[in-house]
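Structure first, commentary second.
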Amino acid sequence: MLESYLTGLIVCGGIIVAIGAQNAYVLSQAIRREHHWWAAGLCMAADITLFTLGMFGVSAALMAMPQALEILRWLGVVFLGWLAIQAFVRASRGRAALETGEASRRSLKGVLFTTLAVTLLNPQVYLDTLLLIPAVGAQQENATTFVAGASSASVLWFGLLAWSGSALAPVLSRPLAWRVIDGTIGLMMAAIAFHLAFNGSL
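Going letter by letter, the sequence shown gives residues 800 to 1001 in the numbering used here.
Spelled out as structure tokens, the structure:
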């Protein structure tokens, strides 16, 4: 059982860390201290739900609907492109963008919607959680313990992102730092969108 748990923790931890758009968004919210624990919690809940569904055979239904993944792919390209443009605009405005952000914080509903979109509009998420992970889990001695390990990886990683981003906020909230952070996030989102458009997955 311990081996199944550790396999789930390590394999799924590597997959979660590799999903760049989701991580970049949660980290940016944590640095802003803007509903970041809600965003992290939603990512955890989505991962745990998808891991569980994958282990109970939803992968078969996904294989039967390849066109659904194609639609999600292009929706993801558009949405990530929009997030990249927003980040570049904030980076170009610098101090003004920071002051505006402090004056008008985003609503919890807006943050949750964006988190959900970043999480679910990437077809690679479904390939990983509903196909790849169940394929590994099927070879384990205890599937339930494997899912527990995978879920623990998600909780630990997104908890770390939310905590570390918030803890570093006083240092990273300087105007120049914000320009660098937003510029970097914009580049990451744009790169992921291009990769998704031309390669079909991350």
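Cβ atoms here follow ideal geometry from the backbone N, Cα and C, with glycine treated the same way.
Fair warning: this is a prediction, and the values are worked out from it, not measured in the lab.
Rounded straight-line distance, which links the Cα of L929 to that of A849: Here residue 849 turns out to be Leu, not Ala, going by the sequence shown. Cα-Cα distance, rounded: 7 Å.
Is the beta carbon of D981 sitting closer than 8 Å to the one on R831? no
Straight-line gap, G985 to Q885 (C-alpha atoms, nearest Å): 8 Å
Could you check if N921 is buried or exposed, using at least 16 other CB atoms within 10 Å of its CB as the buried criterion? buried
Could you check the C-alpha separation between V917 and Q939 for me, to the nearest Å? Computed Cα separation, rounded: 30 Å.
Cβ-Cβ separation, W837 to L882 (assumed contact under 8 Å), whole Å: Going by Cβ atoms, the distance from L882 to W837 rounds to 18 Å, so no, they are not a contact pair.
Inter-residue spacing [alpha-carbon to alpha-carbon] between G919 and V970: Here residue 919 turns out to be Leu, not Gly, going by the sequence shown. Each residue's Cα considered, the two are about 32 Å apart.
Quick one, are the C-beta atoms of V825 and A942 less than 8 Å apart? No.
Counted within 10 angstroms of its Cβ, other Cβ atoms place L959 as buried (16 or more) or exposed: Answer is exposed; the Cβ neighbour count stays below 16.
Cβ neighbour criterion (16 or more within 10 Å) applied to P933: buried
Using 7 Å as the cut-off, classify the Cβ of H835 as near or not near the heavy atoms of the ligand NAD, replying yes or no. Judged by which ligands are present, the structure shown has none, so any question about the ligand NAD falls away.
Please name the residue, chosen from E833, G840 and A829, that lies closest to R905 on a Cα-to-Cα basis. E833
Use the C-beta contact count for F878: other C-beta atoms within 10 angstroms, 16 or more gives buried, fewer gives exposed. buried
Within the stretch 933 to 963, note down every full beta strand (DSSP E) run reaching 3 residues or more, in order along the chain. For the stretch 933 to 963, there is no continuous beta strand (DSSP E) assignment of 3+ residues that stays within its boundaries.
How long is the line joining the alpha carbons of L852 and A966, rounded to whole angstroms? 34 Å
Test item: CB-CB of C811 and A949 under 8 Å: yes
Considering Cα atoms alone, identify which of N822, F887, W956 and L911 is closest to L808. W956
Which residue wins for smallest C-alpha separation from V924, given the options F945, V910 and S953? Comparing Cα-Cα distances from V924 to each of F945, V910 and S953, the minimum goes to S953.
Quick check: what's the CA-CA separation for L805 versus F945? 8 Å
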